[in-house]
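K.L.:
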Amino acid sequence: MTDPLDPRWRDALRRHADAEPTPEAWAVITDRAADDDVGSDPAATPPGRRRWVLATAAAIVVLVGLAALAVTTGSGDEPVDAGPAADEDETTTTTVGPDGLPAEAQVWGRVLEDADHGPELCRETGDLSAHVGPPTCRGIPLVDWDWADVDDDHVDGEARWGEYHVVGIYDGETIRVTEPPGPPDGRPAAPLDPGPERYRPPCPEPPGGWAVIDPERAGIDDREALQFAARKQPDLGLVWVDESIPVAGGVMTVTFTGDLERHRTELAAVWGGALCVAEVPHSAAELRAAEDVVLQAANADTPLHAGDLSIPVTGVMREDIEQSLLVYATWAPPGAEEALTELLGFPVTVSPEIHPVD
Amino acid sequence: MSTDGGAGAWVGVMMDVVDPEAAHRDLVESLFQTSYGELVGLATVVTGDRQVGEDVAQDAFAGLLRRGPLADPDAAVGYLRRAVVNQARGRIRRRAVADRPRPSPPGPAAAPVEDAALADDDARAVADALALLPVRQRECIAACTLLGLTHTEAARLLGVSAGAVKTHVHRGTRRLATLLADRDPRPTGGDPS
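Those sequence lines, one after another, are chains S and L.
Under the working numbering, the first residue of the first sequence carries the number 1, and numbering increases by one thereafter.
Under the working numbering, the first residue of the second sequence carries the number 359, and numbering increases by one thereafter.
(1) For residue 354 of chain S, name the three-state secondary structure that DSSP assigns.
(2) Expressed to the nearest angstrom, what Euclidean distance is found between the alpha-carbon atoms of residue 73 of chain S and residue 7 of chain S?
(3) Cutting at 8 Å between CB atoms, please list the residues of its own chain near residue 434 of chain L, excluding the five before and the five after it.
(4) Quick one: which unbroken alpha helix (DSSP H) runs of 4-plus residues sit fully inside the region 176-222 of chain S? Chain order, please.
(5) How far does the alpha helix (DSSP H) with residue 388 of chain L in it reach, from first residue to last?
(6) By Cβ distance, which residues of its chain are closer than 7 Å to residue 229 of chain S, with the 5 residues on each side in sequence left out?
(7) Taking contact to mean 3 or more Cβ pairs, one atom from each stretch, closer than 8 Å, check whether the region 254-264 of chain S and the region 272-287 of chain S are in contact.
(8) Which parts of the region 267-329 of chain S are runs of the beta strand (DSSP E), unbroken and 3 residues or longer, counting only runs that do not cross its ends?
(9) Is it the case that the Cβ atoms of residue 420 of chain L and residue 28 of chain S are separated by a distance below 9 Å?
(10) Taking 9 Å as the threshold (C-beta atoms), are residue 15 of chain S and residue 481 of chain L in contact?
(11) Could you give the DSSP three-state label for residue 105 of chain S: helix, strand or coil?
(12) Roughly how far, in whole angstroms, is the beta-carbon of residue 314 of chain S from the beta-carbon of residue 328 of chain S, given that I think they are within contact range, below 8 Å?
(13) For the beta strand (DSSP E) that contains residue 162 of chain S, what are its first and last residues?
(14) Alpha carbon to alpha carbon, how far is residue 187 of chain S from residue 397 of chain S? Give it in angstroms, no decimals.
(15) Just how far apart, CA to CA, sit residue 273 of chain S and residue 217 of chain S?
(16) Run through chain S and tell me which residues come within less than 9 Å of residue 395 of chain L, C-beta to C-beta.
(17) Between the region 199-206 of chain S and the region 150-169 of chain S, can you find at least three pairs of beta-carbon atoms closer than 8 Å?
(18) Can you tell which of L:438, L:520 and L:537 has the C-alpha that lies nearest to the C-alpha of residue 491 of chain L?
(19) Report yes or no: is there a C-beta of chain L within less than 9 Å of the C-beta of residue 343 of chain S?
(20) Taking contact to mean 3 or more Cβ pairs, one atom from each stretch, closer than 8 Å, check whether the region 171-186 of chain S and the region 211-225 of chain S are in contact.
(21) Residue 105 of chain S: buried (16+ other C-beta within 10 angstroms of its C-beta) or exposed?
(22) Determine, using beta-carbon pairs with one atom in the region 317-325 of chain S and one in the region 282-294 of chain S, whether at least three such pairs fall under 8 Å.
(23) Any beta carbon from chain S within less than 9 Å of residue 492 of chain L's own beta carbon?
(24) Below 8 Å on the Cβ atoms is my contact criterion, and I expect residue 245 of chain S with residue 210 of chain S to pass it. Report the Cβ-Cβ distance as a whole number of Å.
(25) Just by C-beta distance, which residues in the region 314-347 of chain S are closer than 7 Å to chain L?
(26) Given a cut-off of 9 Å on the beta-carbon distance, is the pair residue 523 of chain L and residue 501 of chain L in contact?
(27) In this structure, how does DSSP classify residue 245 of chain S when only helix, strand and coil are distinguished?
(28) Please decide whether residue 517 of chain L counts as near chain S, where near means a Cβ-Cβ distance under 9 Å.
(29) Residues in its own chain within less than 8 Å of residue 310 of chain S by CB, not counting five upstream and five downstream?
(30) So, is the C-beta of residue 8 of chain S closer than 9 Å to a C-beta in chain L?
(31) Under 9 Å between the Cβ atoms of residue 508 of chain L and residue 116 of chain S?
(32) Is there at least one Cβ from chain S nearer than 9 Å to residue 378 of chain L's Cβ?
(33) Going by other Cβ atoms of all chains shown within 10 Å of its Cβ, with 16 needed for buried, is residue 181 of chain S buried or exposed?
(34) So which residues of chain L does residue 187 of chain S contact, with C-beta pairs closer than 9 Å?
(35) Check this for me: beta carbons of residue 17 of chain S and residue 398 of chain L, under 9 Å apart or not?
(36) Go through its chain and collect everything with a Cβ distance to residue 393 of chain L's Cβ below 8 Å, but skip five positions before and after it.
Here it is as structure tokens:
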């Protein structure tokens, strides 16, 4: 292969991506590995030396706007030939097949065919940047797809794509198209984004409004000190700030699973700005452990077993403030949300990729 | 593992005293020392974000630790790489489908990430140029250039054909070279050494 990249840039690429295996990174890893006790009693959680590191990591994650983890399994990357089930039963009319699989399925989204693969429903968005050229993505292979059935497609070189509502027979790996594709109307609404209101401090506003108590201790360094103090607590839920409230430094909210008076006193000793200390049912570590249960299944390309259901999960998004989980799945059997909520110990919303035909 | 009674018990105990969980942890810790850097690199290049890259790599190691011993310990590196690719894609996907405005975070988390790696002008230029490539090209460049995988090995890791890997690496590096040449005041083409 001819590699046109200059050695200078190749070295720079390596420097850009270089990382040292530091003891701190290993501590985070072992903490995350240890936090697999889903739904455990917070009081029973041992306040290990490294536990706060995990809480710290979780808090930073939300503060930098990366509140969620989500994975795709990549299992649909390679086009898969239609199996026997897809070839033989064109008359299937049940909306829910064995194990809850939506035998007749509908999906809304982009269909793309290019030099790498045949028509596929985009699951994994390839283009996030301002790159010039046709889109790239991979997803569920479509059998019996015919571009002649659509007239609003785009073509760029070997790539052809468009946005459609696709109906067909889903066999667990491919969708055999059974109806002419339509425009992507009627797409189920995405889970509601709580919006900026979610960052409002959960404490009642003090008489006279939010105010700085001690301006000498309300600077950036003091905010860091507040975060550092909070992260040392094993029962930390989350630290966040609402800067939309007109008070210097914003209103810092810190949540814990209990012992609020002690926490408030300790935090007020280092932070002189507006402060809300509130209670949450679970620690950040517990939420992350629940998230990991989904991630483990998604990474292993195995369904997540919840109650009597097998749910083909593909990813998860953690809502740190609400302490809930948005679970992505290829499809969701009836009762999936209830079963996952029971299993994980946190409110779960399931966002399926494939929907049964009503 | 033999710990049963009889004449061979002592031999078995002496030889097989290794706790499989402890051995697994030792294996993961050893892999952490040898592979953490490359896995962070892989995730960083794919996601375009160093912090996310570190987080993804740490999640992968934590997942392997939690999973327990593998039937084939030699498969551990592959497991880690696969986990990193999956999670990195997931982070990207999530950003794509739910790019929400967030209030400014406080303190150090609010500040731009001043990675030591990015303090290097060339490294920063490469990071900026990588951000302009499609994700698939970034994946293939990371797999082949950073991990040193062959096209076939990269194809297995990324779930695409070897031909596609070759195409993406070629197009991606060509595009990178163009982007970097456009912004580079110094002549390129020579080995810096």
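From the three backbone atoms N, C-alpha and C, an ideal C-beta is built for every residue, glycine too.
Computed from a prediction, not measured in an experiment: that's the story for all the values here.
P.N.:
Taking the structure as given:
(1) Working through the first sequence from its first residue, we reach residue 354 of chain S at position 354. It is a strand residue.
(2) One-based indexing of the first sequence puts residue 73 of chain S at position 73. One-based indexing of the first sequence puts residue 7 of chain S at position 7. Note on residue 73 of chain S: pLDDT 29, under 50, position unreliable in the model; the coordinate value appears next. The straight-line gap from Cα to Cα measures roughly 34 Å.
(3) Within the second sequence, numbered from 1, the residue matching residue 434 of chain L stands at position 76. Residues 385, 386, 389, 422 and 428 of the same chain have their beta carbon placed closer than 8 Å to that of residue 434 of chain L, with the five preceding and five following residues left out of the count.
(4) Here no run is fully enclosed.
(5) Residue 388 of chain L sits at position 30 when you count from the first residue of the second sequence. 378-405 is the extent of the alpha helix (DSSP H) around residue 388 of chain L.
(6) Position 229 of the first sequence, counted from the first residue, corresponds to residue 229 of chain S. Only 266, 267 and 270 meet the Cβ criterion.
(7) At 8 Å Cβ cutoff, the stretches touch.
(8) If we require 3 residues or more, the beta strand (DSSP E) runs fully inside the region 267-329 of chain S come out as 274-279, 304-306, 309-311 and 313-319.
(9) The residue labelled residue 420 of chain L in the question sits at position 62 within the second sequence. The residue labelled residue 28 of chain S in the question sits at position 28 within the first sequence. At the C-beta level, residue 420 of chain L and residue 28 of chain S come within 9 Å of one another.
(10) On the second sequence, residue 481 of chain L is found 123 positions in, with the first residue counted as 1. On the first sequence, residue 15 of chain S is found 15 positions in, with the first residue counted as 1. By the CB criterion at 9 Å, residue 481 of chain L and residue 15 of chain S fall inside the cutoff.
(11) As a position in the first sequence, residue 105 of chain S is number 105, starting the count at 1. Three-state result, residue 105 of chain S: strand.
(12) Taking the first residue of the first sequence as position 1, residue 314 of chain S is located at position 314. Taking the first residue of the first sequence as position 1, residue 328 of chain S is located at position 328. Right, their Cβ atoms sit about 5 Å apart.
(13) Here residue 162 of chain S refers to the residue found at position 162 of the first sequence. 159-170 is the extent of the beta strand (DSSP E) around residue 162 of chain S.
(14) Here chain S comprises residues numbered 1 to 358, so residue 397 of chain S is not present and cannot be evaluated.
(15) Within the first sequence, numbered from 1, the residue matching residue 273 of chain S stands at position 273. Within the first sequence, numbered from 1, the residue matching residue 217 of chain S stands at position 217. Rounded to the nearest whole angstrom, the CA to CA distance from residue 273 of chain S to residue 217 of chain S is 7 Å.
(16) Position 37 of the second sequence, counting from 1, holds the residue named residue 395 of chain L. Those are 17, 18, 19, 20 and 21, listed as they occur along chain S.
(17) The region 150-169 of chain S, when compared against the region 199-206 of chain S, does not touch it at the 8 Å Cβ threshold.
(18) Counted from its first residue, the second sequence places residue 491 of chain L at position 133. Out of L:438, L:520 and L:537, L:537 has the C-alpha closest to the C-alpha of residue 491 of chain L.
(19) Here the question's residue 343 of chain S lines up with position 343 in the first sequence. Judged by the 9 Å Cβ criterion, residue 343 of chain S is not in contact with chain L.
(20) Inter-segment contact for the region 171-186 of chain S and the region 211-225 of chain S is absent: fewer than three beta-carbon pairs are separated by less than 8 Å.
(21) Here residue 105 of chain S refers to the residue found at position 105 of the first sequence. The residue is buried, with at least 16 neighbouring Cβ atoms inside 10 Å.
(22) The region 317-325 of chain S vs the region 282-294 of chain S: in contact.
(23) What you label residue 492 of chain L is simply residue 134 of the second sequence in a count that begins at 1. For residue 492 of chain L, the answer is yes, since a Cβ of chain S falls inside 9 Å of its Cβ.
(24) One-based indexing of the first sequence puts residue 245 of chain S at position 245. One-based indexing of the first sequence puts residue 210 of chain S at position 210. With 8 Å as the limit, residue 245 of chain S and residue 210 of chain S qualify as a contact, their Cβ atoms being about 5 Å apart.
(25) Within the region 314-347 of chain S, the residues whose Cβ lies closer than 7 Å to any Cβ of chain L are, in chain order, 315 and 317.
(26) Against the second sequence, residue 523 of chain L aligns to sequence position 165. Against the second sequence, residue 501 of chain L aligns to sequence position 143. Contact flag set, yes.
(27) Stepping through the first sequence from its first residue, residue 245 of chain S is reached at position 245. In this structure, residue 245 of chain S counts as coil in the three-state DSSP scheme.
(28) Residue mapping note: residue 517 of chain L aligns to position 159 of the second sequence, counting from 1. At least one CB of chain S lies nearer than 9 Å to the CB of residue 517 of chain L.
(29) Indexing the first sequence from 1 puts residue 310 of chain S at position 310. Close CB contacts of residue 310 of chain S within its chain, under the 8 Å cut and outside five residues either way in sequence, are with 99, 303, 304 and 333 (chain order).
(30) Here the question's residue 8 of chain S lines up with position 8 in the first sequence. At least one chain L Cβ lies under 9 Å of residue 8 of chain S.
(31) Start at 1 with the first residue of the second sequence, and residue 508 of chain L comes out as number 150. Start at 1 with the first residue of the first sequence, and residue 116 of chain S comes out as number 116. Not in contact: residue 508 of chain L and residue 116 of chain S (Cβ atoms no closer than 9 Å).
(32) Sequence index remark: in the second sequence, residue 378 of chain L carries index 20 (1-based). Residue 378 of chain L does not count as touching chain S.
(33) Looking up residue 181 of chain S in the first sequence gives position 181. Answer is buried; the Cβ neighbour count reaches 16.
(34) As a working note, residue 187 of chain S is residue 187 in the first sequence. Correct list: empty, because the minimum Cβ distance to chain L is about 12 Å.
(35) As a working mapping, residue 17 of chain S is identified with position 17 in the first sequence. As a working mapping, residue 398 of chain L is identified with position 40 in the second sequence. For residue 17 of chain S and residue 398 of chain L, yes; Cβs fall inside 9 Å.
(36) For the purposes of this step, residue 393 of chain L is taken as the residue at position 35 of the second sequence. Contacts found: 435 and 438.
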